[in-house]
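Heads up, the sequence shown is in the working numbering, so the first residue is 1 and it goes up one at a time.
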Amino acid sequence: MFSYVVRRLLLAIPVLLGVVTLVFLALRLIPGDPALIMAGEAAPQEVVARIRTQLGLDRPLAVQYGIYIWNLVRGDLGESVRTRRPVTQELGFRLPATLELASASMAIAVVLGLTAGIISATRQYSILDYATMVGALVGISIPVFWFGLMAMWIFSVRLGWFPVGGRGTLRHLVLPAITLGAMATGMIARMTRSSMLEVLRQDYIRTGKAKGLTERSVNLRHALRNALIPVVTVVGLQFGGLLAGSVLTETVFTWPGVGRLMVDSITNRDYPVVQGAVLVIALVFTAVNLLVDLAYSFVDPRIRYD
């Protein structure tokens, strides 16, 4: 397994390099001058030119890219154009909030999605089956920002049960976590149902029932475990999607995470912060995919990474 992990880590290097390169070039193609934003619209051209020189924006694009990659290899993500603080410090303040929100959303999605999928599969073509699948379809289809605004209007403005925004207590986390986890819940529920139905039709499930095993034992100990591999794959992909989708949720609920930092940084043309934030999200996504692959061997002992 160790050699497999090493190979995966080595293969992740060109992927991360490609992500860094695309983000670097895309930011330079966006209209707007960071030096002009820092100096102000009414600033003299000499001041804007001096700021551009300080930021290294007057150099050729290839030189800027080479300097950025060299600094990146040394672990230096640069300084924020807006705050003049190291990017690692800026991300260090915001990353825990994003991971907290994504983890809470994933926990809600796994619990609700697995439960809905199991119930739907074991009660196929019942009213409960149709109701859970319609709910899953709504969760997948509903826009995150609209769902967040509606949840805020109903439960915060009208009922006053939860704060409108911010971070601090468990009550601050509830609405953003539910909003962000709605789509993942629907995806996990539909995948669990599909995988469970396929397993429940196997001969060994009928044999277990014929031997007198209880329905609960057959469904949870035999069917669910064998149906978990595609579900684990979806969970891993959805966790990465939650990190990317947190941009909208954090903006709606003024959650002080990496997503909101990216929005503010793009508005201010703060190139180093945006590049650093995307790199961190890509690293987390890569790590989650690796953990999902390793989890296969625990779910199914027949899978080995030798």
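Where is the CB? At the ideal position from N, CA and C, for every residue including glycine. In this text the structure is predicted, and so the values were computed from the model without any measurement.
Out of the options, point me to the one whose CA is closest to residue i's CA.
| i | options | result |
| --- | --- | --- |
| GLY148 | GLN124, LEU137, ILE266, VAL174 | VAL174 |
| LEU77 | ILE13, ASP293, VAL278 | VAL278 |
| ARG260 | THR98, SER217, PRO60, ALA12 | THR98 |
| GLN100 | ILE178, LEU137, ARG190 | Residue identity differs from the one stated: residue 100 is Glu in this sequence, not Gln. Cα-wise, what sits closest to GLU100 is ILE178. |
| ARG7 | PHE298, SER297, ASP293 | ASP293 |
| PRO143 | ARG190, SER246, LEU10, ARG84 | SER246 |
| ILE229 | SER105, ASN71, LEU114 | LEU114 |
| TRP181 | ARG221, LEU112, LEU91, GLY75 | The identity of residue 181 in the sequence shown is Gly, whereas the question assumes Trp. Ranking ARG221, LEU112, LEU91, GLY75 by Cα distance to GLY181 puts LEU112 first. |
| GLY242 | LEU170, ALA109, ILE266, MET150 | A quick correction: the sequence has Leu, not Gly, at residue 242. When only C-alpha atoms are compared, the closest one is ALA109. |
| GLY135 | LEU91, MET183, THR169, GLY18 | MET183 |
| SER120 | THR21, SER194, GLY66 | SER194 |
| LEU72 | VAL20, ALA104, GLU198, THR251 | VAL20 |
| LEU17 | PRO60, TYR68, GLN54 | TYR68 |
| VAL280 | VAL15, PHE2, SER217 | VAL15 |
| LEU237 | SER265, ARG269, GLU198, ALA282 | ALA282 |
| THR249 | TRP146, SER265, THR267 | TRP146 |
| SER297 | ASN226, LYS211, GLN124, VAL284 | ASN226 |
| GLU90 | LEU170, LEU128, SER265 | SER265 |
| ALA116 | ASN268, ALA295, LEU224, PHE24 | LEU224 |
| ASN289 | GLY212, ALA12, PRO44 | ALA12 |
| MET187 | LEU29, ALA287, LEU137, TYR130 | LEU137 |
| TYR65 | TYR271, SER126, ALA287, ALA295 | TYR271 |
| ALA295 | ALA35, LEU55, PRO44, VAL235 | VAL235 |
| VAL231 | GLN202, MET191, SER217 | MET191 |
| ARG171 | TYR204, ALA210, ALA104, ALA189 | ALA104 |
| VAL284 | PHE239, VAL23, ARG158, ALA131 | PHE239 |
| LEU27 | ASN268, LEU291, THR286 | ASN268 |
For the alpha helix (DSSP H) containing residue i, name the first residue and the last one.
| i | result |
| --- | --- |
| TYR65 | 61-73 |
| THR192 | 170-200 |
| GLY18 | 2-29 |
| GLN124 | No alpha helix (DSSP H) holds GLN124; DSSP gives it neither H nor E. |
| VAL218 | Taken as a continuous stretch (DSSP letters only), VAL218 belongs to no alpha helix (DSSP H), as it is neither H nor E. |
| LYS209 | 203-210 |
| THR313 | Coverage of the chain is limited to positions 1 through 306, which leaves residue 313 absent and any answer about it impossible. |
| ILE51 | 45-55 |
Going by DSSP in three states, residue i sits in which element: helix, strand or coil?
| i | result |
| --- | --- |
| PRO143 | coil |
| PRO230 | helix |
| GLY160 | coil |
| LEU290 | helix |
| PHE253 | coil |
| ARG167 | coil |
Excluding the 5 residues flanking residue i on each side, which residues of the same chain have their C-beta closer than 6 Å to its C-beta?
| i | result |
| --- | --- |
| ASP58 | ARG52 |
| PHE253 | GLY165, PRO176 |
| TRP70 | none |
| PRO96 | none |
| ARG221 | none |
| ALA189 | GLY113, ALA116, GLY117, ALA136 |
According to DSSP, residue i sits in a beta bridge with which residue or residues?
| i | result |
| --- | --- |
| PRO86 | GLU79 |
Apart from the five residues on each side of it in sequence, which residues of its chain come closer than 8 Å, Cβ to Cβ, to residue i?
| i | result |
| --- | --- |
| THR122 | MET196, LEU200, GLU215, ASN219 |
| THR207 | none |
| GLY276 | LEU77, GLY78, VAL87, THR88, GLU90, LEU91 |
| LEU128 | ILE119, SER120 |
Note down, in chain order, each residue of its chain lying with its Cβ closer than 7 Å to the Cβ of residue i, except the 5 sequence neighbours on either side.
| i | result |
| --- | --- |
| ARG94 | PRO256, GLY257, VAL258, LEU261 |
| PHE155 | TRP161, PHE162, LEU175 |
| VAL273 | SER80, VAL87, GLU90, LEU261, SER265 |
| GLN124 | LEU197 |
| GLY307 | This structure leaves residue 307 out entirely; the chain is present only between 1 and 306. |
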